[in-house]
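Okay, structure first, notes after.
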Amino acid sequence: MAEEWRSVRVLITGGSQGIGLGIAEVFARAGARVAITGRNTARLATARARLAACGAEVATITADVADSRSCVRMAAEAENLLGGIDVLCANAGIYPERAIAQITPSDLDRVFGTNVHGMVFSVQACVDALRRSGRGRVVVTSSITGPTTGFPGLSHYGASKAAQLGFVRSAAVELAPHNVTVNAVLPGSIRTEGLDGLGPETVDRMQACIPLNRLGEPTDIGHAALFFASEGAAFVTGQSLIVDGGQTLPELPEMR
Ligand code: NAP
Numbered sequence: 000m001a002e003e004w005r006s007v008r009v010l011i012t013g014g015s016q017g018i019g020l021g022i023a024e025v026f027a028r029a030g031a032r033v034a035i036t037g038r039n040t041a042r043l044a045t046a047r048a049r050l051a052a053c054g055a056e057v058a059t060i061t062a063d064v065a066d067s068r069s070c071v072r073m074a075a076e077a078e079n080l081l082g083g084i085d086v087l088c089a090n091a092g093i094y095p096e097r098a099i100a101q102i103t104p105s106d107l108d109r110v111f112g113t114n115v116h117g118m119v120f121s122v123q124a125c126v127d128a129l130r131r132s133g134r135g136r137v138v139v140t141s142s143i144t145g146p147t148t149g150f151p152g153l154s155h156y157g158a159s160k161a162a163q164l165g166f167v168r169s170a171a172v173e174l175a176p177h178n179v180t181v182n183a184v185l186p187g188s189i190r191t192e193g194l195d196g197l198g199p200e201t202v203d204r205m206q207a208c209i210p211l212n213r214l215g216e217p218t219d220i221g222h223a224a225l226f227f228a229s230e231g232a233a234f235v236t237g238q239s240l241i242v243d244g245g246q247t248l249p250e251l252p253e254m255r
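Residues in the sequence shown are numbered consecutively from 0, following numbering that gives the first Met the number 0.
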């Protein structure tokens, strides 16, 4: 397996904690060359040290996905550090809770600016490098919330995550002639710093809804991203994979 991954160069946005860090761990352990990004430089340094302690080496790039110029710099830096980009994991995202009546224009701008604009800016900035790769892969971290399920207080977030899938399908067709595939992972409830921000009561209620009876780990999403980036998935594009421990399956509450 290490042989397959040794020459693969992977850029992960929002890789300083949570799901992005789990994706970085899985790719780095597989043997890939990995760079992680985030806005907070200190958090990136902590993440790099955490990964190094478990034998996974990564580079770090400070960048804000909501800013298109920052994304251009991010892609240039990743090309410099890694020697090119074969895989972009467009993972950075935010999910602040807001009741519909309370959502302000700036709340909408923040959520869509990071989750939708940030994904598009990241892909745009990396697209030339991905084409040059000859085996380019984009893996978007969407969510079950929006595309599959609903959650009070996350309507604007759900809309942004559903928008991501619209982008994935058209981007898959547009980039196919360049042998670049574009797919999405739809996580259920994954144990991350961001999820903890929703409060212990909400997190406990989420866990109670999962047939496999645990929250997901960030590396569970990492393994799904690794599949989409693998040689074995070369013919898979424009698709979504739900990784949720069965959370979206039960038809009756007692089946959970
Ligand atoms: P998290 O723990 O809050 O981590 C978010 C990461 O994104 C951090 O590294 C953060 O670093 C970075 N980030 C946020 N805004 C950014 C920006 N403008 N530019 C660059 N980096 C930015 O969140 P998470 O739970 O891991 O979620 C990651 C992704 O998974 C999101 O897209 C989320 O929608 C999706 N997701 C999560 C769950 C879940 O249960 N956790 C479920 C479904 C989908 P900085 O703050 O330093 O920038």
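Cβ coordinates follow ideal geometry from the N, Cα and C atoms, glycine included.
- Each residue's CA atom was taken as its position, placing R134 and Q101 some 44 Å apart.
- Distance from the Cα of Q123 is smallest, within the candidate group V64, G92, R5, R190, for V64.
- Comparing alpha carbon positions, the residue from T61, V86, F226, A224 closest to V7 is V86.
- When distances are taken from the beta-carbon of L10 to the heavy atoms of the ligand NAP, even the shortest one reaches 8 Å or more.
- In terms of side-chain proximity, the C-beta atom of A65 is found nearer than 8 Å to a non-hydrogen atom of the ligand NAP.
- Nearest in C-alpha terms to G237, of all of F226, V181, R204, is V181.
- Sixteen is the threshold: since fewer than 16 other Cβ atoms of the shown chains lie within 10 Å of the Cβ of M254, the residue is exposed.
- The alpha-carbon of P252 is positioned some 45 Å away from that of R5.
- A residue is called buried once 16 or more other Cβ atoms fall within 10 Å of its Cβ, and R213, having fewer, is exposed.
- In terms of Cα proximity to C70, the closest of G198, A44, A31, H116 is H116.
- By the CB criterion at 9 Å, G231 and P186 fall outside the cutoff.
- If you ignore the 5 residues before and after M118, its C-beta comes within less than 7 Å of the C-beta of A89, V139, Q163, F166, all in its own chain and listed in chain order.
- Setting aside the 5 residues that flank it on each side, I93 is surrounded in the same chain by T113, each with a C-beta closer than 6 Å to its C-beta; the list follows chain order.
- Here the distance from the Cβ of E96 to the nearest heavy atom of the ligand NAP is not below 8 Å.
- Checking the DSSP bridge columns, you'll see I35 partnered with I11, T59.
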